[in-house]
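Trainee: The structure follows.
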Amino acid sequence: MADKENKKKVEAITSMDVDFAQWYTDVVKKAELIDYTSVKGCMVIKPAGYAIWELIQSQLDARFKATGVENVYLPMFIPESLLQKEKDHVEGFAPEVAWVTHGGLNPLQERLCVRPTSETLFCDFYKNDIQSYRDLPKVYNQWCSVVRWEKETRPFLRSREFLWQEGHTAHASAEDAEARTIQMLNVYADFCEEVLAMPVIKGRKTDKEKFAGAEATYTIEALMHDGKALQSGTSHNFGDGFAKAFGIQFTDKDNTLKYVHQTSWGMTTRLIGAIIMVHGDDNGLVLPPLVAPTQVMIIPIAQKKEGVLEKAEELKQRLGRVCRVKVDDSDKSPGWKFSEQEMRGIPLRVEIGPKDIEANKCIICRRDNGEKVEVSLNQLEATVEQLLVQVQKDMFERAKAHREANTSVAMNLEELEQILETRPGFVKAMWCGDQTCEDSIKEKYAATSRCMPFEQEQISDTCVCCGKPAKKMVYWGRAY
RNA sequence: CGGGGCGUGGCUCAGUUUGGUAGAGCGCCACGUUCGGGACGUGGAGGUCGCAGGUUCAAAUCCUGUCGCCCCGACCA
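Just so you know, we're using the working numbering here: the first sequence kicks off at 94 and counts up by one.
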């Protein structure tokens with residue numbers, strides 16, 4: 094009985110193998126990341142969830158700033174006429190925008206859309222802000238929320254309002270714009286791998302999958318635990334398409350009027366969903382130390398005994414110099430606290446009780462693999478620091494191994510079909526470049542082209558679908 | 001927008017078939033005993049049964065309408 098309960102540590106979370114979607118919802122709730130609200134698709138991001146976002150924000154923002162990005166803030170309302178200016182863009186977003194039609198009791202003379210993204214506002218602003226080549230480049234970013242009236246919603250993965258950052262840049266040349274597009278994609282990829290411990294595939298989207306109004310869309314694709322892909326960040330090169338639609342011109346050194354070349358790039362609170370689905374397990378959330386609001390939870394055992402809480406507090410003071418640490422001194426039982434710490438994904442747990450105090454040691458337990466070690470209190474800070482680094486690294490390696498184990502190669506349609514119907518994960522296959530093949534694969538197997546990776550492999554000479562000469566290797570998969 | 005499920009204390013649900021004055025477990029509050037993998041005792045607070053009509057002496061329960069949420073698909077970060 095006791096053994097059995099040790100395996101399945103908590104009843105409150107559905108096992109991922111039983112029902113991955115339910116597991117996801119359970120984790121989100123039990124880790125207290127969000128609450129649902131009375132508006133569908135709009136959630137309360139609770140302290141535990143918001144603190145993760147703050148860590149993502151601060152570390153990503155620092156990486157932006159290191160490349161010369163400046164932060165700004167633009168309004169949340171876009172006049173309808175402005176949204177209409179770029180044809181592909183409005184067609185892409187019109188089906189999912191929310192409209193403001195009244196100001197107080199009076200109807201507005203022009204409807205305002207609640208921004209689903211801010212390209213049009215940035216363009217309207219740049220039109221006047223940019224006059225000369227000396228004004229370029231503009232490398233602006235804003236942290237804000239956007240609204241997209243999705244029909245089907247899921248916490249973090251697809252909500253009607255979500256938090257994000259959107260970078261919008263303007264450059265003098267096509268080359269500069271392309272360089273910035275790639276630079277930001279690299280910032281995203283490095284961030285995901287180094288901070289979120291989540292390996293990503295960098296590549297370019299096919300025309301079918303690219304952003305509305307973009308010349309080229311680049312993406313980082315991650316593989317979730319259930320074998321489905323998640324687009325985790327995108328970087329778009331707009332060329333001069335928006336500039337022409339909005340009339341954003343500058344006078345160049347040669348005294349001629351030229352159109353700017355623009356980019357935009359974004360990452361969202363969806364990353365929190367990615368963290369959950371890449372690292373989580375049947376006991377709940379597992380946070381990479383670098384985005385864990387609390388990295389170490391100290392759990393006193395027999396805390397009413399003389400000196401235990403004092404010792405726990407002392408350890409907290411000491412560890413506070415090297416990590417984010419808390420003591421759980423609530424009057425729950427230790428078992429409860431263990432489960433709580435695990436559901437919330439806190440990377441390390443320090444157990445300290447009377448026996449430990451007597452022996453001048455404690456027990457440290459890793460959330461990611463459950464390993465427990467006895468540590469002399471003299472070695473506490475050093476061990477914790479080293480373990481946090483190790484956990485971060487191991488989590489990345491584990492996620493990468495999972496992705497490798499769930500990436501297949503298909504040479505022809507039979508193989509592709511066989512793999513897509515029996516095995517979760519990415520499938521690498523060649524493609525002729527024709528959208529009909531993409532459409533056909535999507536229709537038959539519900540799999541989409543995730544990206545044409547930068548790291549190309551010539552796995553065969555012919556398209557997996559039609560057999561014609563192949564142009565690109567593509568990662569295919571079912572996606573969120 | 002299609003298919004499925006569901007709305008009853010904070011949460012999970014029973015009660016609805018067969019109408020008769022609102023239930024359980026968990027959680028919450030107080031006190032005490034506990035504490036190395038979700039401890040226990042005693043006492044306590046908390047609900048116009050999603051909403052609006054209708055039928056009836058009487059509606060959580062029957063009828064009509066409506067709103068919302070969750071899951072699965074099609075579309076999107």
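Don't be surprised by glycine CBs; every beta carbon is placed ideally from N, CA and C.
#1: Given a threshold of 16 other Cβ atoms within 10 Å of its Cβ, counted over all protein chains shown, does Ala-539 qualify as buried or as exposed?
#2: Using C-beta distances below 7 angstroms, list every residue in its chain close to Pro-172, excluding the 5 sequence neighbours before and after it, in chain order.
#3: How should Pro-393 be labelled, buried or exposed, when 16 other C-beta atoms within 10 angstroms of its C-beta is the threshold for buried?
#4: Would you give the residue range spanned by the alpha helix (DSSP H) that Cys-530 belongs to?
#5: I want to check one thing, is the minimum distance from the CB of Thr-210 to the heavy atoms of the ligand FAD below 8 angstroms?
#6: Thinking C-beta only, is Phe-519 closer than 9 angstroms to Gly-570?
#7: Can you tell which of Glu-403, Pro-427, Tyr-311, Trp-257 has the C-alpha that lies nearest to the C-alpha of Gln-276?
#8: For Asp-283, is the classification buried or exposed, using 16 other Cβ atoms within 10 angstroms of its Cβ as the cut-off for buried?
#9: In chain order, what residues of the same chain have a beta carbon less than 7 angstroms from the beta carbon of Leu-364, not counting five sequence neighbours either side?
#10: Whole beta strand (DSSP E) runs in the stretch 184-216 with 3 or more residues, listed along the chain?
#11: Around the C-beta of Met-436, are 16 or more other C-beta atoms found within 10 angstroms, so that it is buried, or is it exposed?
#12: Going by the DSSP bridge assignment, what does Pro-546 pair with across the sheet?
#13: Are Gly-142 and Ala-124 close, meaning C-beta to C-beta below 9 angstroms?
#14: Jot down the residue ranges of each uninterrupted beta strand (DSSP E) in the stretch 500-527, minimum 3 residues, whole runs only, in chain order.
#15: So what does Val-466 bridge to, in DSSP terms?
#16: Using a Cβ-Cβ cutoff of less than 6 angstroms, which residues in the same chain neighbour Cys-458 once the five nearest sequence positions on both sides are dropped?
#17: The alpha helix (DSSP H) that contains Trp-429, what's its start and end?
#18: Which one or two residues does DSSP pair with Glu-163 in a beta bridge?
#19: Nearest by alpha-carbon distance to Ile-408: which of Val-477, Phe-343, Thr-349 is it?
#20: Could you pull out every residue in the same chain whose Cβ sits closer than 6 angstroms to the Cβ of Glu-179, ignoring the five residues on either side in sequence?
#21: Taking the continuous alpha helix (DSSP H) assigned at Pro-393, which residues delimit it?
#22: For Val-232, count the other beta carbons within 10 Å of its own beta carbon; 16 or more makes it buried, fewer makes it exposed. Which is it?
#23: For Asp-128, I'd like the list of residues in its chain whose CB is within less than 7 angstroms of its CB, leaving aside the five on either flank, ordered along the chain.
#24: Which word fits Tyr-166, buried or exposed, when buried means at least 16 other C-beta atoms lie within 10 angstroms of its C-beta?
#25: So the candidates are Arg-460, Lys-430, Thr-356; which of them puts its Cα closest to the Cα of Ser-211?
#26: Would you decide whether Trp-358 is buried or exposed? Buried here means 16 or more other CB atoms lie within 10 Å of its CB.
#27: For Ile-223, name the three-state secondary structure that DSSP assigns.
#28: For Val-111 and Phe-170, which I take to be in contact (beta-carbon distance under 8 angstroms), what is that distance rounded to the nearest angstrom?
#29: Assuming Ile-450 and Gly-413 form a contact by the criterion Cβ under 8 angstroms, report the distance between their Cβ atoms to the nearest whole angstrom.
#30: Leaving out five residues before and five after Pro-200 in sequence, what residues of the same chain have Cβ atoms less than 7 angstroms from its Cβ?
#31: I think Gln-258 touches Leu-175, with their Cβ atoms under 8 angstroms apart; what is that distance to the nearest whole Å?
#32: Whole alpha helix (DSSP H) runs in the stretch 359-388 with 4 or more residues, listed along the chain?
#33: Use the C-beta contact count for Leu-323: other C-beta atoms within 10 angstroms, 16 or more gives buried, fewer gives exposed.
#34: Taking just the CA atoms, how far does Ala-405 sit from Gly-296?
#35: What are the start and end residues of the beta strand (DSSP E) that includes Ile-275?
#36: Start and end of the beta strand (DSSP E) containing Arg-571?
Mentor: Here's the rundown:
#1: Counting Cβ neighbours within 10 Å, Ala-539 comes out exposed, since fewer than 16 surround it.
#2: These residues qualify, in order along the chain: Glu-203, Leu-205.
#3: With 16 or more other CB atoms across the displayed protein chains lying within 10 angstroms of its CB, Pro-393 is buried.
#4: Per DSSP, Cys-530 belongs to the alpha helix (DSSP H) from 528-538.
#5: Annotation note on the ligand FAD: not contained in the displayed structure, which lists no ligands.
#6: Closer than 9 angstroms, so yes.
#7: Tyr-311
#8: exposed
#9: Hits under 7 angstroms: Ile-149, Leu-289, Ser-325.
#10: 191-196, 199-207
#11: buried
#12: Gly-296
#13: Less than 9 angstroms separates the beta-carbon of Gly-142 from that of Ala-124.
#14: 500-502, 519-524
#15: Ile-457
#16: Arg-442, Lys-465
#17: 427-436
#18: Looking at the DSSP assignment, Glu-163 forms a beta bridge with Tyr-233.
#19: Residue identity differs from the one stated: residue 408 is Leu in this sequence, not Ile. Taking only the C-alpha atoms, the option nearest Leu-408 is Val-477.
#20: Gly-306, Phe-335, Ala-338
#21: Looking at the DSSP string, Pro-393 is not in any alpha helix (DSSP H); the run it does join, the beta strand (DSSP E), is 389-393.
#22: buried
#23: Taken in chain order, the residues that qualify are Met-136, Val-137, Lys-139.
#24: exposed
#25: Thr-356
#26: buried
#27: coil
#28: About 45 angstroms separates the two Cβ atoms, so there is no contact after all.
#29: So it is not a contact: roughly 19 angstroms between Cβ atoms.
#30: Thr-194
#31: Gln-258 to Leu-175, Cβ: 21 angstroms. No contact.
#32: 363-372
#33: buried
#34: 48 angstroms
#35: Looking at the DSSP string, Ile-275 is not in any beta strand (DSSP E); the run it does join, the alpha helix (DSSP H), is 267-287.
#36: It is not in any beta strand (DSSP E) - Arg-571 carries neither H nor E in the DSSP assignment.
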